[in-house]
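The sequence shown begins at 3 in the numbering used here and counts up by one.
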Amino acid sequence: MTAAEFARKIRSRERAVGYWVVLDAPVATERLARLGYDYIALDGQHGLIGNAGLLSNLMAIDAGGRSTGLVRVESGEPAAIGRALDFGAGGVIVPLVDTAGDAAAAVSAARYPAGGRRSYGPMRSMLRIGPTPAEADDSVLVLAMIETPEGLANIEAICATPGLDGVYVGPSDLCLAVGGRFPNDPEVAGVFEEALERIRTSAERAGIAAGIHNPGGEQAARRLAEGFTFATVASDLVHLEQAAAAHLKAAGLDPE
3 MTAAEFARKI RSRERAVGYW VVLDAPVATE RLARLGYDYI ALDGQHGLIG NAGLLSNLMA
63 IDAGGRSTGL VRVESGEPAA IGRALDFGAG GVIVPLVDTA GDAAAAVSAA RYPAGGRRSY
123 GPMRSMLRIG PTPAEADDSV LVLAMIETPE GLANIEAICA TPGLDGVYVG PSDLCLAVGG
183 RFPNDPEVAG VFEEALERIR TSAERAGIAA GIHNPGGEQA ARRLAEGFTF ATVASDLVHL
243 EQAAAAHLKA AGLDPE
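And the structure:
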């Protein structure tokens, strides 16, 4: 699936499932990108991937041939967004979006003039996305993370931001944002689910996509059934540990 095809899918609010990568392991990423996920998201904020790793893992995703590469950038700064897109990302997930102004700034950083302020220098992306600015703008997604008290309070205005393609829930931080003592705190489960419903319905009313991070496929299926339009299964590091522990137990030893 090309970046342009994936962008049209997300903008049409068609269901999509992706996978989350935090390790700088291009060979593993390439194998994941052959499985059929709609997208592979590289974590440039909390993941263990530097600039060179983002480039090599985006190339691995393209070599896999079936997924579009996204990048969660480290911040909404124009340099971080522009760098990920120049490397060949089909879109950016922007963390800590608190206001419609934050969302508008992210959109502007991802779009070329006159619709934005992205600097022209697509060293690699021009091979696959574009190559003209208008074509690139049409093929690149901007997704705003909703994970703070301010972001939740301003969700309707954020979703109404011109040019924003979707919102993306970071459930761990959102749980803390609604009063949780730790991610998945059962004491705030009710208010957390209410927050998710507000985010989903706000996106639907604005006609944009709504996505969410999930620990596994079953949870992703649940969220899609509830009305989220795309869901990520996370992550390579956690799943590697889980699989290794299961094999150790099957071999007759209980992992510590």
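Just so it is clear, CB atoms sit at the ideal spot from N, CA and C, and this is done for glycine as well.
Query: For residue 219, the three-state DSSP class (helix, strand or coil); Result: helix
Query: Closest by C-alpha distance to residue 111, when choosing among 75, 126, 129, 148; Result: 75
Query: Distance between residue 26 and residue 79 (C-alpha atoms, nearest Å); Result: 23 Å
Query: Burial state of residue 21 (16 or more Cβ within 10 Å); Result: buried
Query: Length of the line joining the Cα atoms of residue 209 and residue 82; Result: 27 Å
Query: Pick from 122, 50, 32, 90 that is closest to residue 6, judged by C-alpha positions; Result: 90
Query: Residues bridged to residue 35 (per DSSP); Result: Bridge partners of residue 35: none, in fact.
Query: Secondary structure, alpha helix (DSSP H): runs of 4+ residues fully inside the region 91-122; Result: 102-112
Query: Between the CA atoms of residue 178 and residue 138 - distance to the nearest angstrom; Result: 36 Å
Query: Which of helix, strand or coil DSSP assigns to residue 214; Result: strand
Query: Other residues of its chain near residue 229: CB distance less than 6 Å, five sequence neighbours each side excluded; Result: 202
Query: Residue 232 - containing beta strand (DSSP E), residue span; Result: 232-236
Query: Residue 32 versus residue 184 - alpha carbon distance; Result: 33 Å
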